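Below you'll find the structure, written out as structure tokens, and then a few comments.
In UniProt numbering, the protein residues as written are 1 to 418.
Written out as structure tokens, the structure is:
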């Protein structure tokens with residue numbers, strides 16, 4: 001079960017990549033530094049797993065908690081298009097991965113998985129809700145009985161030449177590729193990379209499908225965990241517990257909702273907002289909010305001044321060698337929390353040119369909104385993009401309010417200010 005908790009799904013295709021995370025979690029568990037309480041899978045039906053080492057009261061709380069998760073999975077709009085048969089799909093994907101390891105070698109598969117995991121967040125979940133644009137059909141020539149002007153025949157020749165260029169595969173000057181910025185970097189590489197083999201495209205497709213499956217959970221983390229905590233608390237209160245069980249439950253629940261001084265505890269914030277909503281809109285209103293909102297709208301609409309002050313939320317930043325509180329204005333705190341949930345908390349990277357410099361190079365752009373990229377992470381990620389694209393990779397971003405271009409040419413990373 002500990003390994004399943006790291007991977008996120010039974011039979012996930014990433015089993016070999018997560019060995020380090022698994023052994024770290026196992027060591028923490030063995031030494032009593034952490035405990036795994038729950039594992040619930042969004043499928044049809046939902047699956048929940050209980051740890052043998054848990055006490056009876058711990059597993060009762062887990063059951064109450066995952067029941068609310070299942071309710072959220074089944075009723076929140078963000079989950080309407082997720083696959084309900086992902087467990088079976090993952091099992092089939094894992095078999096394909098094992099077959100590729102036998103045919104192409106473990107190292108080759110792991111190297112590709114490393115690259116896939118490095119860029120897995122850069123997808124476009126909106127593709128779940130819309131179809132890909134249909135492939136254009138070649139225009140059919142129409143017979144014109146009579147020209148309406150002396151120059152119509154010349155325009156006709158020009159149109160025919162464009163059609164011939166398309167048929168012959170000749171490039172059309174100044175044609176953008178892609179025509180508009182493409183947010184789904186993984187899909188773009190899958191479809192247009194000239195170095196990927198079919199089995200490698202399949203692995204990228206597997207990682208992309210898994211990320212699309214998890215995306216609604218990323219978008220609703222605070223809502224979902226708060227909802228589950230709200231209900232496990234009320235369900236457990238209705239149970240007939242002994243004094244020792246009540247103390248054990250209280251201690252365990254307190255640990256779940258314990259606030260952190262340096263990060264956000266979604267269980268704590270989510271629970272506080274749901275309990276406040278119960279007073280303001282009642283249970284029926286809570287069910288409606290659970291159905292339609294995501295974390296961004298949930299925080300924007302329902303995190304009040306009183307809640308911010310009650311939870312003592314604040315903004316902090318590094319000043320020299322120290323971290324200091326930089327603001328406690330409740331609206332700024334709320335806006336900061338909302339901004340951190342945009343795109344699941346990941347930077348928005350778009351493909352701007354798949355044939356940069358007419359040399360097949362990839363030009364990416366960070367859609368800068370006031371938060372800089374982690375340069376060390378960036379410089380370690382570009383080689384992975386190069387591995388799956390096969391040509392030089394460029395990334396435009398902003399550092400210290402100046403546009404800068406990072407380029408990885410297959411050997412080293414260069415940077416220049418624009």
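Built from N, CA and C at the ideal position, the CB exists for glycine as well. What you are looking at is a predicted structure, and each value in this text was computed from that prediction instead of being measured.
Report, in whole angstroms, the separation of the C-beta atoms of residue i and residue j, which I expect to be a contact under 8 Å.
i, j, result
"residue 220", "residue 78", "6 Å"
"residue 372", "residue 398", "7 Å"
"residue 119", "residue 185", "6 Å"
"residue 183", "residue 350", "5 Å"
Among the options, whose alpha-carbon lies nearest the alpha-carbon of residue i?
i, options, result
"residue 362", "117, 342 and 394", "394"
"residue 355", "91, 254 and 178", "178"
"residue 289", "224, 67 and 320", "224"
"residue 366", "347, 110 and 360", "347"
"residue 279", "256, 255 and 307", "307"
"residue 68", "52, 53 and 47", "47"
"residue 389", "98, 369, 364 and 80", "364"
"residue 210", "196, 121 and 319", "121"
"residue 310", "293, 328, 98 and 318", "328"
"residue 214", "321, 80, 380 and 318", "80"
"residue 340", "320, 369, 258 and 318", "369"
Among residues of its own chain, excluding the 5 on either side of residue i, which ones have a beta-carbon nearer than 8 Å to its beta-carbon?
i, result
"residue 415", "404, 405, 406 and 407"
"residue 300", "334 and 338"
"residue 277", "285, 286, 289 and 302"
"residue 241", "57 and 249"
"residue 239", "60"
"residue 187", "123, 124, 127 and 208"
"residue 345", "218"
"residue 332", "315"
"residue 374", "none"
"residue 297", "none"
"residue 258", "265 and 268"
So, at 7 Å on beta carbons, what are the nonlocal neighbours of residue i in its own chain, with the 5 sequence-adjacent residues on each side left out?
i, result
"residue 116", "203, 204 and 207"
"residue 316", "323, 324, 325 and 326"
"residue 402", "417"
"residue 201", "190"
"residue 256", "229 and 267"
"residue 382", "393, 395, 406, 408 and 413"
"residue 252", "58 and 61"
"residue 245", "57"
"residue 96", "202"
"residue 233", "253"
"residue 196", "388"
"residue 336", "315"
Do residue i and residue j have their C-beta atoms within less than 7 Å of each other?
i, j, result
"residue 216", "residue 82", "yes"
"residue 302", "residue 273", "yes"
"residue 295", "residue 222", "yes"
"residue 236", "residue 108", "no"
"residue 227", "residue 72", "yes"
"residue 75", "residue 291", "yes"
"residue 386", "residue 410", "yes"
"residue 358", "residue 181", "no"
Counting only the same chain and skipping the five closest in sequence on each side, list residues whose C-beta sits under 6 Å from that of residue i.
i, result
"residue 400", "none"
"residue 391", "360 and 361"
"residue 199", "100"
"residue 330", "305 and 308"
"residue 379", "413"
"residue 70", "46"
"residue 66", "38, 40 and 48"
"residue 319", "none"
Is the stretch 186 to 194 close to the stretch 267 to 274, with three or more CB pairs under 8 Å? Between the stretch 186 to 194 and the stretch 267 to 274, the count of C-beta pairs closer than 8 Å stays below three; the two stretches do not touch.
Determine contact between the stretch 100 to 111 and the stretch 256 to 266, defined as no fewer than three beta-carbon pairs at a distance below 8 Å. no
Under 8 Å: do the stretch 41 to 58 and the stretch 85 to 94 share three or more Cβ pairs, one atom per stretch? yes
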